[in-house]
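Read through the structure below, which is laid out as structure tokens, and then see the notes.
There are 2 protein chains.
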Amino acid sequence: MVQKASATSNSASKGRGRPRQFDADQVINAAIWAFFAKGFEATTLGDLEDATGVDRSTLYNSFGGKRGLYESATSTYLDLARTGLFAPLLGGGPDENDGYGDILEFLDRLRSGLTSATAIPGCLIVNDMAAGADPRAAQRYREMLEEGLTAALARAGENDPQRRSDRAGMLATSVLGVNLVSKTTDGDAREIGRLVDAMIDEVGRWRAAAT
Amino acid sequence: MVQKASATSNSASKGRGRPRQFDADQVINAAIWAFFAKGFEATTLGDLEDATGVDRSTLYNSFGGKRGLYESATSTYLDLARTGLFAPLLGGGPDENDGYGDILEFLDRLRSGLTSATAIPGCLIVNDMAAGADPRAAQRYREMLEEGLTAALARAGENDPQRRSDRAGMLATSVLGVNLVSKTTDGDAREIGRLVDAMIDEVGRWRAAAT
DNA sequence: ATTTTTTTGCACTGGTCAGTGCAGTAGTCG
DNA sequence: CGACTACTGCACTGACCAGTGCAAAAAAAT
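From first to last, the protein sequence lines stand for chains A and B. Here the numbering used here is used: position 55 in the first sequence is 55, and no number is missing along the way. Here the numbering used here is used: position 201 in the second sequence is 1201, and no number is missing along the way.
Structure (structure tokens):
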């Protein structure tokens, strides 16, 4: 056997041999929090064993070791982001054509996510972006962010392509920056609130000027 | 002797004992590039020996080891940033009251710094910001950035404090984000140019609306 | 010249880490 | 039941790394 099929999702396929004693989704979830807390580099296999309750050799066999588990974690995390934080941008909000409202809802979720008392500061992807831990996840995150903002601005009736692109780009980089600030300030709600409010105010001005 | 005076600058004080065989400024400069290239964590003492040409025991005695050398590097780097990249914001440009011009000049320098063929991607401080390598340097960097932008906007005649604060905050986070993108895209000039241009365009709109 | 002071080069160390080898275990299949 | 297959727990390893101890070196002071 050359390659090991990574434990994708939890599937009780009629497996031969000893069955898994863990739930793959739970393990990945635990890994997300472990990597979240300390970053890819600083998280040791021991930390992951503690967090998941699964032995390193099993983590290696089933997920491909530290790197493989991290990639499973970022992949799942991106899915969570897509259906959570980014949902207003990507799916369109309750109000069909209110692109500005979608952006404001997105920013509101961003603030909640970064300042919630139970939250770990920052974003799993952005936290390790500079370290280059998972370049593909980083790129997907940036694409999702900027494309979602562009689409929302289009929905908002922003028809000048230049201005739409400018503002999507600026908001996107600003979101990355706020994530970074969240990480460095250890989730300081005052600081993050101030910065997200700045974005919200500015988007509000765009909306007001558009009417 | 309890504490070692770190080799601050290059001073040929009439020292007793064997004189230093290195130039402290050159060593710090070399260290900046070494840390720039791989980040604080991934840079080993061996890398620093190679980059500086100085033995690890000397680095330890004179700079306080890896951490001390890193802090010397970030300190010097911040000074360089203050007198280079940030100069238009902090000192006021050639035109006395042209705050918008100062911001545009700053953004132009930002692009040059991030895309120059000889440059290392990103910014020494921002690259390691998420990892928390030097929280004080990170905070000083953010303060310098946001205070400079706020001052420039004030010079530009932006008198609404709310709008001034909003736009300084948004630009500041956006600058952090662009640095991050520069790092992750390995200094992709097209990508960075696009994002910095977005900021430049938007600032240009502020200026146009202010007249 | 000898003493004193500081730097320098080298070899070493204790600790940590990701990954592995293997024997044992827990199921399914015929 | 017995063969087969896959997962698990444990102990181990080779590599790497930041920091240290120490003797030699290079100057100044006396």
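Just so it is clear, CB atoms sit at the ideal spot from N, CA and C, and this is done for glycine as well.
Please classify THR44 of chain A as buried or exposed, where buried requires at least 16 other C-beta atoms within 10 Å of its C-beta.
exposed
Hey, how far is the Cα of GLU147 of chain A from the Cα of PRO161 of chain A?
13 Å
Does any residue of chain A have a CB that is nearer than 9 Å to the CB of LEU1153 of chain B?
no
Nearest-angstrom Cα distance between ALA1037 of chain B and ILE1120 of chain B?
Each residue's alpha carbon lies about 7 Å from the other.
Assuming ASP134 of chain A contacts THR74 of chain A under a Cβ cut-off of 8 Å, what Cβ separation, rounded to an integer in Å, is found between them?
5 Å
With DSSP as the reference, label ALA208 of chain A as helix, strand or coil.
In this structure, ALA208 of chain A counts as helix in the three-state DSSP scheme.
Would you mind telling me which residues of chain B sit closer than 7 Å to THR173 of chain A, beta carbon to beta carbon, in chain order?
Per Cβ cutoff of 7 Å: SER1174, GLY1177, VAL1178, VAL1181, LEU1195.
Could you check whether the Cβ of MET1144 of chain B sits closer than 9 Å to any Cβ belonging to chain A?
no
Could you tell me if ASN1179 of chain B is buried or exposed, where buried requires 16 or more neighbouring beta carbons within 10 angstroms of its beta carbon?
So ASN1179 of chain B ends up on the buried side.
To be precise: take each residue of the stretch 1114 to 1135 of chain B, compare its Cβ to all Cβ atoms of chain A, and keep it if any distance is under 8 Å. Which residues remain?
GLY1122, VAL1126, ASN1127, ASP1128, MET1129, ALA1130, ALA1131, GLY1132, PRO1135
Is GLU1143 of chain B buried or exposed, if buried means 16 or more other CB atoms sit within 10 Å of its CB?
exposed
Could you compute how far the alpha carbon of SER1011 of chain B sits from the alpha carbon of GLY1039 of chain B?
Summary for SER1011 of chain B: the model assigns pLDDT 47, below 50, so the residue's position carries little reliability, and this model does not support an answer.
GLY1101 of chain B: buried (16+ other C-beta within 10 angstroms of its C-beta) or exposed?
buried
Between the Cα of VAL1196 of chain B and the Cα atoms of B:PRO1088, B:ARG1016, B:SER1112, which residue gives the shortest distance?
Comparing Cα positions, the closest option is B:SER1112.
Using a Cβ-Cβ cut-off of 8 Å (strictly less than) and excluding sequence neighbours within five positions of GLU49 of chain A, which residues of its own chain qualify?
Contacts found: ASP55, ARG56, LEU59.
The stretch 12 to 44 of chain A: which residues have C-beta closer than 8 Å to a C-beta of chain B, in chain order?
GLY39, GLU41, ALA42
Just mark ASP1108 of chain B as buried or exposed, buried being the case when its beta carbon has 16 or more other beta carbons within 10 Å.
exposed
Going by C-alpha to C-alpha distance, which of B:ARG1016, B:PHE1106, B:THR1052 sits closest to ALA1030 of chain B?
Selected option, being the one with the closest Cα: B:THR1052.
For chain A, find out if any of its Cβ atoms is closer than 9 Å to the Cβ of ALA1168 of chain B; answer yes or no.
yes
What residue range is occupied by the uninterrupted alpha helix (DSSP H) comprising MET144 of chain A?
135 to 155
Kindly say whether ASP1047 of chain B, judged by its beta-carbon, lies nearer than 9 Å to any beta-carbon of chain A.
Answer no: the Cβ-Cβ gap between ASP1047 of chain B and chain A never drops below 9 Å.
Please say whether ILE200 of chain A and ALA156 of chain A have beta carbons closer to each other than 9 Å?
No, the Cβ-Cβ distance between ALA156 of chain A and ILE200 of chain A is not below 9 Å.
Quick one: using the 10 Å Cβ neighbour count with 16 as the cut-off for buried, is ALA1208 of chain B buried or exposed?
The residue in question, ALA1208 of chain B, is exposed, as its Cβ has fewer than 16 Cβ neighbours within 10 Å.
Indicate whether the contact test is met: 3 or more Cβ pairs, each with one atom in the stretch 182 to 193 of chain A and one in the stretch 81 to 90 of chain A, closer than 8 Å.
Three or more Cβ pairs closer than 8 Å define a contact, and the stretch 182 to 193 of chain A falls short of that threshold against the stretch 81 to 90 of chain A.
I need the DSSP call for LEU85 of chain A, collapsed to helix, strand or coil.
Reduced to three states, the DSSP call for LEU85 of chain A is coil.
Quick one: residues in its chain with C-beta nearer than 8 Å to the C-beta of LEU1124 of chain B, no 5 flanking neighbours on either side, listed in chain order?
ILE1032, PHE1035, PHE1036, ALA1073, THR1074, TYR1077
What did DSSP end up calling GLU1202 of chain B once you bin it into helix, strand or coil?
helix
Does SER1165 of chain B come within less than 9 Å of chain A when only Cβ atoms are used?
yes
Give the single residue among A:ILE28, A:SER62, A:ALA42 whose Cα lies nearest to the Cα of ARG20 of chain A.
Cα-wise, what sits closest to ARG20 of chain A is A:SER62.
Would you mind reading off the limits of the alpha helix (DSSP H) that contains GLU105 of chain A?
99 to 115
Using 9 Å as the limit for Cβ to Cβ distance, is THR1074 of chain B near chain A?
The C-beta of THR1074 of chain B comes no closer than 9 Å to any C-beta of chain A.
Using 9 Å as the limit for Cβ to Cβ distance, is GLU202 of chain A near chain B?
At least one chain B Cβ lies under 9 Å of GLU202 of chain A.
Can you tell which of B:GLY1046, B:ARG1140, B:MET1170 has its C-alpha closest to the C-alpha of ARG194 of chain A?
When only C-alpha atoms are compared, the closest one is B:MET1170.
Applying a beta-carbon distance threshold of less than 8 Å, which residues of chain B neighbour ALA138 of chain A?
THR1184
Could you please tell me which residues of the stretch 79 to 91 of chain A, in chain order, have their CB closer than 8 Å to any CB of chain B?
none
Among A:VAL27, A:ALA210, A:ALA117, which residue has its Cα nearest to the Cα of ALA154 of chain A?
Comparing Cα positions, the closest option is A:ALA210.
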